[in-house]
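In our numbering, the protein residues as written are 16 to 127. Think of the CB as a built atom: it goes at the ideal place given N, C-alpha and C, for glycine as much as any other residue.
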């Protein structure tokens, strides 16, 4: 999962948004602006999503042990789950906040 997250960070994009969410899969889109956003990644097997619908300049990473424990206090996290941390700006202010997604896997979109 670390390699996929590193590739996702390399592909980047300034503005990110939730493209679709069906309860099990979460699609995120990104671009130089939301008007030019394209599909970037799908997270599969979701059991927890804590992120705004729009966020900016994210850094995706595997959550630390302490963060995993904190998320685990809010929702059951199984051994096969990965807790993904997203350090990103949002409409809440200028300083980045950390958001979380718990998923079993992820798929990067084909490059556009």
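### Query
Do three or more CB pairs link the segment 62–75 to the segment 27–46 at distances below 8 Å?
Yes: at least three Cβ pairs fall under 8 Å.
### Message
Between the alpha carbons of residue 119 and residue 53, how many angstroms are there, rounded?
### Response
Straight-line Cα distance between these residues: approximately 23 Å.
### Query
Near residue 29, what residues of its chain come up, given a Cβ to Cβ distance below 8 Å and the 5 sequence neighbours on each side ignored?
Excluding sequence positions up to five before and after residue 29, its CB lies within less than 8 Å of the CB of 45, 46, 47, 48, 71 and 72, all in the same chain and listed in chain order.
### Message
For residue 100 and residue 122, what's the separation of their Cα atoms in angstroms?
### Response
Using only the alpha carbons, I get a separation of about 16 Å.
#### Entry: Continuous alpha helix (DSSP H) stretch holding residue 19: start and end
Per DSSP, residue 19 belongs to the alpha helix (DSSP H) from 17–26.
### Query
Can you tell me the Cα-Cα spacing of residue 76 and residue 19, whole angstroms?
Residue 76 and residue 19 have their alpha carbons spaced roughly 10 Å apart.
### Query
Run through DSSP, which three-state label would residue 87 get?
Helix.
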